[in-house]
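Each remark here refers to the structure printed beneath this line.
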Amino acid sequence: TFLTWLGDPADIVVASTGAEPYVDGGYAAAVLLDTLWPGPVLRATDRAIARRMRAAAMVRPSRAGGRVLILDDDPDVIRTLTRWDPDVYAAG
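Mind the numbering: the sequence shown is residues 6 to 97 in my numbering, read in order.
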């Protein structure tokens, strides 16, 4: 069973990619792991960036105290998420 919405933002949520429930007011923080899970496949980096951006977008803005921790060794993923600009990555 997947939760799709949490009403109490005080909860700690552990979710796999794509199964993150929405939270009123956004998450206070997110830790993003395992970029190339389930392994190096065609367009794995593209998919990883899209999935990580979706998860990071669920965190409240930094001006409201939101934080995202990226634990990754792929420089394209780190650069794209840090700049929050997937167009630069897509342009190659």
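We treat Cβ as the ideally placed atom computed from N, Cα and C, and that holds for glycine. Because the structure is a prediction, the values reported are computed rather than measured.
The C-beta distance from alanine 61 to leucine 86 rounds to 6 Å, short enough to fall under 8 Å. Leucine 11 places its beta carbon 8 Å or farther from that of valine 19. Closest by C-alpha distance to glycine 31, out of Asp79, Val73 and Val46, is Val73. With 16 or more other Cβ atoms inside 10 Å of its own Cβ, valine 82 counts as buried. Proximity to methionine 58 across Gly70, Ala96, Leu37 and Gly97 peaks at Leu37, based on C-alpha coordinates.
The criterion of a C-beta distance shorter than 8 Å is satisfied by aspartate 79 and alanine 53.
Relative to the Cα of glycine 70, the nearest Cα in the group Pro91, Arg84, Leu76 and Ala34 belongs to Ala34.
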